[in-house]
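Here's the structure we're looking at; comments come further down.
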Amino acid sequence: MKRPLLSVALLLPLASSLLLTGCGGSPSADASGESDGSGSVTLNVGDQKGGSEAILRAAGELDDLTYRIKWSTFTSGPPLLEAINAKAVDVGGVGNTPPVFAAGSGSKIAVVGASHGSSAGEAIVVPKDSPLKKPADLKGRAVAVAQGSSAHYQLIASLKKAGLGIGDVQLKYLQPADALAAFSRGKVDAWAVWDPYTSQVLRTSGARVLTTGQGVTNGLSFQVASPGTLKDSAKSRAIGDYIDRLERAQAWVFKHPEAWAKAWAKETGLPYEVALDAVKRTNGTRVPVAVDDAAIASEQAIADTFAELGLIPGRFTFKDFVDTRFNKSRPASGTAPLSYGKASS
Numbered sequence: 000m001k002r003p004l005l006s007v008a009l010l011l012p013l014a015s016s017l018l019l020t021g022c023g024g025s026p027s028a029d030a031s032g033e034s035d036g037s038g039s040v041t042l043n044v045g046d047q048k049g050g051s052e053a054i055l056r057a058a059g060e061l062d063d064l065t066y067r068i069k070w071s072t073f074t075s076g077p078p079l080l081e082a083i084n085a086k087a088v089d090v091g092g093v094g095n096t097p098p099v100f101a102a103g104s105g106s107k108i109a110v111v112g113a114s115h116g117s118s119a120g121e122a123i124v125v126p127k128d129s130p131l132k133k134p135a136d137l138k139g140r141a142v143a144v145a146q147g148s149s150a151h152y153q154l155i156a157s158l159k160k161a162g163l164g165i166g167d168v169q170l171k172y173l174q175p176a177d178a179l180a181a182f183s184r185g186k187v188d189a190w191a192v193w194d195p196y197t198s199q200v201l202r203t204s205g206a207r208v209l210t211t212g213q214g215v216t217n218g219l220s221f222q223v224a225s226p227g228t229l230k231d232s233a234k235s236r237a238i239g240d241y242i243d244r245l246e247r248a249q250a251w252v253f254k255h256p257e258a259w260a261k262a263w264a265k266e267t268g269l270p271y272e273v274a275l276d277a278v279k280r281t282n283g284t285r286v287p288v289a290v291d292d293a294a295i296a297s298e299q300a301i302a303d304t305f306a307e308l309g310l311i312p313g314r315f316t317f318k319d320f321v322d323t324r325f326n327k328s329r330p331a332s333g334t335a336p337l338s339y340g341k342a343s344s
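In numbering that gives the first Met the number 0, the protein residues as written are 0 to 344.
If you want it as structure tokens, here you go:
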């Protein structure tokens, strides 16, 4: 049966501006902006399109700053962490995998905040007419994935659960735009990807989910700071306030999913329906949590996995790259994410 062609044009603008937290990308920042506040402290914050600045602004959490924020927008987590290592950025948000690669390469970073959400948007998708019914069916098949991304780890973990290893599939390391083209033309049998790409390909193509990251990945995202910045007491206080504002903004998203989806769609160019799907499936389910022993152990397992595969230089202790001063009374990292119920697809 002929596979339906997806519209590559639908995802190309998104792929160029919204390479979200897990994937690789060029080590450059886009144009910077500034959020006005009072005081002499300026916090240099690394962001991604439709990320922290957008959610804070939509929730009204940039209205009464006691410091200034200078925003730098990056294509993805890895170059953002490179900027933190270079002391060009004070703090920024990334997914669960970029800190592993940064720490593994000896970068000067400190994980200072965390949130836990649903892993339903971390998915391996297949064409709707595919004969593949379960992860074990991927044996010998071609699978597209962005190297070093959260989807990369989700693929490895899903294969392991199915009794397979990474050598049992034909890996095609492709960024989202190229992966979409390969997927739509039948050049690969499956695509390991993350939201909002998951929500978009499901809604626009009739693709279906083979498996998700639920139960095999930790669902964590992190705020990462420069260790040098944390030695500055004024900037350290600003980072603590910034993390608190993100927590309040996330609570606002849960109460106002449609309003956030509308703002997110405007910011990124996503269709509103896709944005709302992604909010319900992934983006709006996040709960701020402590960077506790469980979170550290979970990240250590990811680090050990990539070290065993030779994808990072060697083993290291993830705890050495964590600063717990902002944990406060936040819940444990295993706290179940909030849920709106099943999103349409």
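No residue lacks a Cβ here, since even glycine has one placed at the ideal position from N, Cα and C.
- Annotation: the stretch 160–202 contains the following complete segments of the alpha helix (DSSP H) (minimum length 4 residues), in chain order: 175–183.
- Contact between Val-321 and Ser-220 fails: their C-beta atoms lie close to 14 Å from each other, not under 8 Å.
- Taking C-alpha positions only, Ile-83 is separated from Ser-75 by approximately 13 Å.
- One Cα belongs to Gly-205, the other to Lys-127, and the distance between them is close to 6 Å.
- Closest option to Ala-258, judged by alpha-carbon separation, among Ala-58, Lys-48 and Gly-45: Ala-58.
- In the DSSP secondary-structure assignment, Ala-224 is bridged to Val-90 and Ala-109.
- In chain order, His-115, Gly-116 and Ser-118 place their CB closer than 6 Å to the CB of Gly-218, counting only its own chain and leaving out the 5 sequence neighbours on each side.
- Beta-bridge annotation (DSSP): Val-288 is paired with Ala-113.
- Going by C-alpha positions, Lys-86 is about 47 Å away from Ser-129.
- In this structure, DSSP gives Gln-153 a helical state, which the three-state scheme calls helix.
- Annotation: Phe-253 is outside any beta strand (DSSP E); the continuous alpha helix (DSSP H) that includes it extends over 232–254.
- Here Lys-234 is buried: its Cβ has 16 or more other Cβ atoms, across all protein chains shown, within 10 Å.
- Beta-bridge annotation (DSSP): Lys-69 is paired with Glu-33 and Asn-43.
- One thing to note: Lys-171 has its Cβ within 9 Å of the Cβ of Ala-143.
- One Cα belongs to Gly-38, the other to Thr-65, and the distance between them is close to 6 Å.
- With a contact defined as Cβ atoms closer than 8 Å, Ala-122 and Thr-211 qualify at about 5 Å.
- A residue is called buried once 16 or more other Cβ atoms fall within 10 Å of its Cβ, and Gln-169, having fewer, is exposed.
- Of all C-beta pairs linking the stretch 187–204 to the stretch 269–284, three or more are shorter than 8 Å, placing the two stretches in contact.
- The way I'd put it, the stretch 245–255 doesn't touch the stretch 293–312; fewer than three beta-carbon pairs between them come closer than 8 Å.
- Judged by beta-carbon spacing, Ser-157 lies beyond the 9 Å limit of Trp-193, meaning their Cβ atoms are not closer than that value.
- Of the candidates Gly-112, Ala-180, Leu-137 and Val-288, the residue whose Cα lies closest to the Cα of Ala-331 is Val-288.
- Separation of the CB atoms of Thr-216 and Tyr-152 is rounded to 6 Å, and the pair is thereby assigned contact status at 8 Å.
- For Phe-325, the closest of Arg-236, Ala-145 and Asp-89 by C-alpha to C-alpha distance is Arg-236.
- With a contact defined as Cβ atoms closer than 8 Å, Pro-195 and Ala-306 miss out at about 30 Å.
- By the criterion of a C-beta distance shorter than 6 Å, Pro-97 is surrounded in its chain by Gly-76, Pro-77 and Leu-80, once the five residues flanking it on both sides are discounted.
- Beta-carbon to beta-carbon, Ala-141 and Pro-175 are separated by about 16 Å, too far to satisfy the 8 Å threshold.
- The criterion of a C-beta distance shorter than 9 Å is not satisfied by Leu-55 and Leu-137.
- Counting only runs that start and end inside the stretch 290–339, the alpha helix (DSSP H) elements of at least 4 residues fall at 292–307.
- Contact between Phe-182 and Ile-311 fails: their C-beta atoms lie close to 27 Å from each other, not under 8 Å.
- If you look at Arg-207, you'll find it in the beta strand (DSSP E) that goes 207–211.
- Buried is the label assigned to Ser-51, since at least 16 other Cβ atoms lie within 10 Å of its Cβ.
- DSSP places Leu-219 in the strand class (E or B) of the three-state scheme.
- Ala-119 carries a coil assignment under DSSP once its states are collapsed to helix, strand and coil.
- For Ala-191, the closest C-alpha among the options Ala-300, Val-125 and Leu-42 is that of Val-125.
- For Ala-58, no alpha helix (DSSP H) run applies, since DSSP gives it neither H nor E.
- Going by DSSP, Ala-102 is part of the alpha helix (DSSP H) stretching over 97–103.
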